[in-house]
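Colleague: There's a structure below that I have some questions on.
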Amino acid sequence: MTAPTTPYTALGEALGTDFFSVREQFTEEQWRLFAGTRKFVDTEVLPGINDYWERAELPWHLFRRLPELGIVGEDIAGHGAAGMSPLALGLVHMELHRGDGSLGTFLGVHAGLAMKSIDMCGSDEQKQRWLPSMSTLERTGAFALTEPHHGSDSVALETTATRDGDGWVLHGTKRWIGNGTVADLVIVWARDTGSGDVLGFVVETPADGYTATVIPGKVSLRALWQADITLDGVRVPDENRLAHARSFADCAAVLATTRSTCAWMALGHATAGYDAALRYAKEREQFGRPLASFQIVQDRLVKMLADLTGMQLYCVQMARLAEGGTLSPTVAGLAKMHNTSTARSILSQARDLLGGNGILLEHHVARHWADIESIHTFEGTETVQTLIVGRDITGISAFT
Ligand SMILES: Cc1cc2nc3c(=O)[nH]c(=O)nc-3n(C[C@H](O)[C@H](O)[C@H](O)COP(=O)(O)OP(=O)(O)OC[C@H]3O[C@@H](n4cnc5c(N)ncnc54)[C@H](O)[C@@H]3O)c2cc1C
Numbered sequence: 001m002t003a004p005t006t007p008y009t010a011l012g013e014a015l016g017t018d019f020f021s022v023r024e025q026f027t028e029e030q031w032r033l034f035a036g037t038r039k040f041v042d043t044e045v046l047p048g049i050n051d052y053w054e055r056a057e058l059p060w061h062l063f064r065r066l067p068e069l070g071i072v073g074e075d076i077a078g079h080g081a082a083g084m085s086p087l088a089l090g091l092v093h094m095e096l097h098r099g100d101g102s103l104g105t106f107l108g109v110h111a112g113l114a115m116k117s118i119d120m121c122g123s124d125e126q127k128q129r130w131l132p133s134m135s136t137l138e139r140t141g142a143f144a145l146t147e148p149h150h151g152s153d154s155v156a157l158e159t160t161a162t163r164d165g166d167g168w169v170l171h172g173t174k175r176w177i178g179n180g181t182v183a184d185l186v187i188v189w190a191r192d193t194g195s196g197d198v199l200g201f202v203v204e205t206p207a208d209g210y211t212a213t214v215i216p217g218k219v220s221l222r223a224l225w226q227a228d229i230t231l232d233g234v235r236v237p238d239e240n241r242l243a244h245a246r247s248f249a250d251c252a253a254v255l256a257t258t259r260s261t262c263a264w265m266a267l268g269h270a271t272a273g274y275d276a277a278l279r280y281a282k283e284r285e286q287f288g289r290p291l292a293s294f295q296i297v298q299d300r301l302v303k304m305l306a307d308l309t310g311m312q313l314y315c316v317q318m319a320r321l322a323e324g325g326t327l328s329p330t331v332a333g334l335a336k337m338h339n340t341s342t343a344r345s346i347l348s349q350a351r352d353l354l355g356g357n358g359i360l361l362e363h364h365v366a367r368h369w370a371d372i373e374s375i376h377t378f379e380g381t382e383t384v385q386t387l388i389v390g391r392d393i394t395g396i397s398a399f400t
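Using UniProt numbering, the letters of the sequence shown map in sequence onto residues 1 to 400.
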C-alpha cells in the first residue's frame, strides 16, 4: 500500500480486524448490510462528521440516508421496517458507531427504542398507524423514560398519567431524552395515578403543555441533541396509550433488546480507535523509526487487538443466542458491561498512542474517546449492568 501524501489522512478508514474469521459465516443479507453501511461510513460519514460534532449540529443529510440504506427498524417485520436478523442488526450498529456515535445513537433512539416500543407494546392498529412513517423517517421518534431524579432507578419514575374522559393527562419532567426537541412521536413512560402501574404513551408533537430544551455543554455525542422535557398537562387520547404496556416490566423488555445493541456500538467505537492507532503507529516516526517498530508499541497494539477480538466474539455469540431465541437480559447485560468498559480502555490506549494528535478531532480518535462515555452510561450504566449480573450469579440483589 502506498503511503498517503498528506500524513494520517486515512486514519478514520477501516482495517481488517477479523482474526477469528467471523465474516466467513455471514449470510448474503448480513454481508450486504455490513458492507453497505461500511461504505456509507467511509465515503459519506467520515469526511465531514468532525465539523458537525464540533459545532454540535445535527447531520440531517446523514440521518436521511438511513432509510435509503434499508437499515431503519431493527428486526421489526413489516411496516416498511428493516426486519434485520440479530447479526445484521448488530453489524449495522457496529459500523455506524465506527463512523460516529451521534449518528448511531440517533438510529438507536429512533428505531431501537421508539419504534421497538411501538412494535413490542402497541396494538396492530397502532403499529400500522405509526411504524410505516417512522421506517422512512418521515416521522422521528424519541423515548422518554429518564427523569431529573430517576436515572438508574427509573423504575421509581414520578411522571403521572391521569385518566380524564376519553384520554389521559400527563404531568412531569424528563431528562436526557435523545431527539426530544426534534421528534414527532415521543414515547413517554408515566405512572397511572389510579393503579400505580407504569404505562407508555405516544405524544405527538407539537402538543400543548409539551416543552423541550436542548441540554447544552455536552462533551460526548455532540452531533446529537438530548433534551430536558416538561409535560405540563399534556392531553393524550386513549388511542395513543400503548395497548400492551401494562407495567414497568414492558418498558424494561424494550430496554433489554437495546442492551445487546449497546455492546455492538461499543465494538464499533473500539474498532475505530484500534484502526487509527495501528495506522498511525506505522506512519509516525520517532527516534528515526516508525512507532510500530518499538516492542512496547507492538505489545500495546496486540493487547488492544486481543481485547477487540474478545468483544467481537461476545457480540457474534450474543447474536447467535438471539437468533435461537435464548438471549437473556442478563447475558446481554454482561456483554454491554464487558464491551463498554473494554472499549473505554482501547480508546484510552489509542488516544495516547497518537500523542498530541490524539486530542485533535481531525485524527478520528478523540471523538470516539469522548463518545464512548455516553454508551458506557446510557441504557443502564456499567455498574448497574454489573449489579444485574451479580444478582444473577449470587442470587442476592445488591440494589433493591
Ligand atoms: C448521552 C445520553 C443519552 C441518553 N438518552 C436517553 C434517552 O433517549 N431516553 C432516556 O430515557 N434516557 C436517556 N439517557 C439517560 C440514561 O439512561 C441515564 O443517564 C442512565 O440511566 C444513568 O442515570 P443517571 O445519569 O441519572 O445517573 P445515576 O443513576 O444518578 O448514576 C450515577 C452513578 O451512580 C451509579 N449508581 C447508581 N445506582 C447505583 C447502585 N445501586 N450501586 C452502585 N452505583 C450506583 C451509576 O452507575 C453511576 O456511576 C441518556 C443519557 C445520556 C448521557
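Just so it is clear, CB atoms sit at the ideal spot from N, CA and C, and this is done for glycine as well.
Check whether the Cβ of residue 230 lies closer than 8 Å to any heavy atom of ligand 1, and answer yes or no.
Modeller: It does not: the Cβ of residue 230 is nowhere closer than 8 Å to a heavy atom of ligand 1.
Colleague: Quick check on this structure: which residue in 375, 177, 106 and 339 has the alpha carbon closest to the alpha carbon of residue 211?
Modeller: 177
Colleague: Is there contact between the segment 133-153 and the segment 162-171, where contact requires at least three CB pairs shorter than 8 Å?
Modeller: no
Colleague: If residue 118 sits next to residue 242, beta carbons under 8 Å apart, how far is it from one beta carbon to the other, in whole angstroms?
Modeller: 7 Å
Colleague: What's the C-alpha gap between residue 398 and residue 364?
Modeller: 39 Å
Colleague: Which residue's Cα is closest to the Cα of residue 400: 112, 35, 155 and 95?
Modeller: 155
Colleague: Quick check on the DSSP output: what are the complete beta strand (DSSP E) runs of length 3 or more inside the UniProt domain "Acyl-CoA oxidase/dehydrogenase middle" (142-234), in order along the chain?
Modeller: 160-164, 167-178, 185-192, 198-204 and 210-214
Colleague: Can residue 447 be considered in contact with ligand 1, in the sense that its beta carbon sits closer than 8 Å to one or more heavy atoms?
Modeller: No statement about residue 447 is possible, as the shown extent of the chain runs from 1 to 400 and does not include it.
Colleague: Can you tell me the Cβ-Cβ gap for residue 333 and residue 388, rounded? I've got them flagged as a contact below 8 Å.
Modeller: 5 Å
Colleague: With distances taken Cα to Cα, identify the nearest neighbour of residue 319 among 99, 258 and 52.
Modeller: 258
Colleague: Helix or strand or just coil, what does DSSP make of residue 241?
Modeller: strand
Colleague: Return the first residue and the last residue of the alpha helix (DSSP H) that residue 288 is part of.
Modeller: Taken as a continuous stretch (DSSP letters only), residue 288 belongs to no alpha helix (DSSP H), as it is neither H nor E.
Colleague: Going by C-alpha to C-alpha distance, which of 277, 390, 307 and 130 sits closest to residue 366?
Modeller: 277
Colleague: Within 10 Å of its beta-carbon, does residue 225 have 16 or more other beta-carbons around it, so buried, or fewer, so exposed?
Modeller: buried
Colleague: Tell me which residue opens and which closes the alpha helix (DSSP H) that residue 92 is part of.
Modeller: 86-99
Colleague: For a test of the three-state rule: what should DSSP assign to residue 403, helix, strand or coil?
Modeller: Since the displayed the chain opens at 1 and closes at 400, residue 403 lies outside it and no answer follows.
Colleague: Would the beta-carbon of residue 233 fall within 9 Å of that of residue 171?
Modeller: yes
Colleague: How many angstroms separate the CA atom of residue 55 from the CA atom of residue 101?
Modeller: 15 Å
Colleague: CB-CB under 6 Å to residue 342, same chain, minus the five flanking residues each way: which ones, in chain order?
Modeller: 307 and 311
Colleague: Please report the straight-line C-alpha distance between residue 127 and residue 349, rounded to a whole angstrom.
Modeller: Looking at the two C-alpha atoms, the distance is approximately 45 Å.
Colleague: Between which residues of its own chain and residue 116 is the CB-CB distance below 8 Å, once the five residues before and five after are set aside?
Modeller: 74, 76, 254, 257 and 258
Colleague: Is residue 379 buried or exposed, if buried means 16 or more other CB atoms sit within 10 Å of its CB?
Modeller: In this structure residue 379 is buried. Its beta-carbon is surrounded by 16 or more other beta-carbon atoms within 10 angstroms.
Colleague: For a test of your reading of the model: does the CB of residue 153 fall under 8 Å from any non-hydrogen atom of ligand 1? Yes or no.
Modeller: yes
Colleague: Measuring straight from C-alpha to C-alpha, what distance separates residue 251 and residue 23?
Modeller: 34 Å
Colleague: With burial defined as no fewer than 16 other Cβ atoms inside 10 Å of the residue's Cβ, what is the status of residue 20: buried or exposed?
Modeller: exposed
Colleague: Have a look at 72, 50 and 44 and flag the residue whose alpha-carbon is nearest the alpha-carbon of residue 61.
Modeller: Closest option to residue 61, Cα to Cα, is 44.
Colleague: Among the residues of its own chain, which have a CB less than 7 Å from the CB of residue 352, if the five just before and after it don't count?
Modeller: 358
Colleague: Suppose the cutoff is 7 Å on Cβ atoms and the five residues either side in sequence are ignored; what does the same chain contact list for residue 64 look like?
Modeller: 137
Colleague: Touching or not, the segment 25-40 and the segment 78-97, by the rule of three or more beta carbon pairs under 8 Å?
Modeller: yes
Colleague: Beta-carbon separation of residue 72 and residue 110 under 9 Å?
Modeller: Yes, Cβ-Cβ distance for residue 72 and residue 110 is below 9 Å.
Colleague: Mind reading off the beta-carbon distance from residue 214 to residue 203? Whole number of angstroms is fine, and I expect it under 8 Å.
Modeller: Not a contact, Cβ separation roughly 18 Å.
Colleague: Go through its chain and collect everything with a Cβ distance to residue 105's Cβ below 6 Å, but skip five positions before and after it.
Modeller: 221 and 224
Colleague: Taking only three categories from DSSP, how would you classify residue 236?
Modeller: Strand, per DSSP.
Colleague: Going by the beta-carbon positions, is the gap between residue 182 and residue 189 smaller than 9 Å?
Modeller: Not closer than 9 Å, so no.
Colleague: Going along the chain, which residues of its own chain have a beta-carbon closer than 8 Å to the beta-carbon of residue 292, five neighbours each way excluded?
Modeller: 278, 281, 282, 298 and 301
Colleague: Sort 373, 31, 114 and 396 by Cα distance to residue 142 and report the nearest one.
Modeller: 114
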